[in-house]
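Everything in the sequence shown is counted per this note's numbering, starting at 554 for the first residue and increasing by one.
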Amino acid sequence: MNLSFETVKSRLNYQLVKGEFKMEINKFKNKNINKNIVLKKVEQDKHVPDDFYSTTNYKTLVFYNNKWTEVKKQRMDALIVIDEQGASCKKLRDIRKGDMVVCSDSGVKILKDKNAMVEDSFNFMNSSVSSERRNNIIIKDLAYELFYNDKKLTVVAGPVVVHTGGDYYLSELIKGNYVSSLLAGNALAVHDIEKNLFGTSLGVCARSGKVTHNGYRNHMRAINQVMEYGSIKETVEAKILRSGIMYESIKNHTPFVLAGSLRDDGPLPDTITDMIEAQEAYNKYLQSSDIVLVLGSMLHGIASGNMLPAKIKMICVDINSAVVTKLCDRGSSQTIGIVTDVGLFLNLLVYEIESLKNNIGTRLAT
């Protein structure tokens, strides 16, 4: 069946953007209306009127007291609450009796981020995914942003970083103060500690690539070792753990959050097992980021994308194109998808940063 260009274009307008259809969002974007918002009082904790307004991750204004007011703490799938401090996003679980929430779309305006209209290193990229993407250019631009522009980078990492040998390069980035915060699950820390205590990850020798005798128990030995001292920090201070991602995070005062899950062994004492508490901890660091780098973690990557306002760039790196596509398709419109090995990506990123350092050294010498 042959479709006209206009038909195809119309269908493409239904691509997902942060959990909303583009055509649906376009009804609200940049509209010039001066209607007051509809406010309703909440009668019960964690329950709101049925016609509540559900937010996107785009910058949003509400018309209140005869003026447009920007909504603070912008994120998707939240409600807008008006109080003496102004307008802000609030999760349904945080709504309390007596709160005044915005209902319907009257007096609500969604804006494109003005910063996105300004040329920057990432402006030529969109959220489409291809293994043929010019990864070297993206890596060079990221290195430039970190080295010259001092951008705040939050790394969201899965245990595959350790399994692929990328842990050394991530440790170097942390040591060089290029990582402002590290978000992960229990597994990343467990396998990082396992590798640096016993030389294996998932029981496989890091040097030979061969399965070691009784290596399957090494990750439990790592957890047991940390349990003895009470925390990762105390294990480092006792000079038991002397290298690795978690070691460098402690030594360089890089904050980290470990979010637990149903499948965790242990978990480590530092792992947050309360999911609401873990979400809040993630959100704290994500909101203060300039760039979020997701490395081989679909679960934590999607969770992080759901918390981000559209102005914060996200780079998702995974060897599996389906994972990168899923993250983009679930609505992270600011996501740049890169299909490659995370260990190789980190290796090249460190190389590019070192090249920038050397260039400065050469210029100073001449």
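Using N, Cα and C, we set each Cβ at its ideal position, and we do this for glycine too.
Residues sharing a beta bridge with D871, DSSP: V892
Quick check on DSSP: helix, strand or coil for V903? helix
Within 7 Å, strictly: CB atoms of K748 and V715: yes
Taking only three categories from DSSP, how would you classify G858? helix
Exposure of D603, with buried meaning 16 or more beta-carbon neighbours within 10 Å: exposed
Heavy atom of the ligand FAD within 6 Å of I844 beta-carbon: Looking at this structure, you won't find the ligand FAD or any other ligand, since it has none at all.
Indicate whether S724 and E801 have their beta-carbon atoms separated by less than 7 Å. yes
Close Cβ partners of L899 (< 6 Å) along its chain, the five nearest in sequence each way excluded: G719, Y722, L723
Just verifying my parser: in three-state terms, what is the DSSP assignment at S850? coil
What does DSSP give as the partner residue(s) for Q597 in the beta ladder? H600
A766, buried or exposed, once every other Cβ within 10 Å from all chains shown has been counted against 16: Note that residue 766 is His in the sequence shown, not Ala. Exposed: under 16 other Cβ atoms inside 10 Å.
Can you have a look at G639 and say buried or exposed, based on whether 16 or more other CB atoms are within 10 angstroms of its CB? exposed
I'd like to know whether the C-beta atoms of G797 and D745 end up nearer to each other than 7 Å. yes
If you run the structure through DSSP and keep just helix, strand and coil, what is D827? coil
Curious, which full-length beta strand (DSSP E) runs of at least 3 residues does the stretch 731 to 816 contain? 734 to 738, 809 to 812
Identify whether S641 lies in helix, strand or coil by the three-state DSSP scheme. strand
Since L645 and K599 are thought to touch, with beta carbons under 8 Å apart, how far apart are those beta carbons, to the nearest angstrom? 6 Å
Compute the distance between the beta-carbons of D652 and V615, then report whether it is under 7 Å. no
Nearest-angstrom Cα distance between L852 and S814? 10 Å
Reduced DSSP category for L821 - H, G, I as helix; E, B as strand; rest coil: coil
Report yes or no: do three or more beta-carbon pairs, one from the stretch 770 to 785 and one from the stretch 818 to 834, lie closer than 8 Å? yes
DSSP on I913, reduced to helix/strand/coil? helix
Helix, strand or coil for K650 per DSSP? coil
Between K643 and G660, what straight-line distance do the alpha-carbon atoms span, to the nearest angstrom? 18 Å
Which same chain residues, not among the five before or five after S563, have their C-beta less than 8 Å away from its C-beta? Only weak support exists for where S563 lies, its pLDDT of 45 falling under 50; the coordinates are left without a value.
Return the first residue and the last residue of the beta strand (DSSP E) that Y611 is part of. No beta strand (DSSP E) holds Y611; DSSP gives it neither H nor E.
List the endpoints of the continuous alpha helix (DSSP H) containing K693. 688 to 700
Straight-line gap, R774 to L897 (C-alpha atoms, nearest Å): 29 Å
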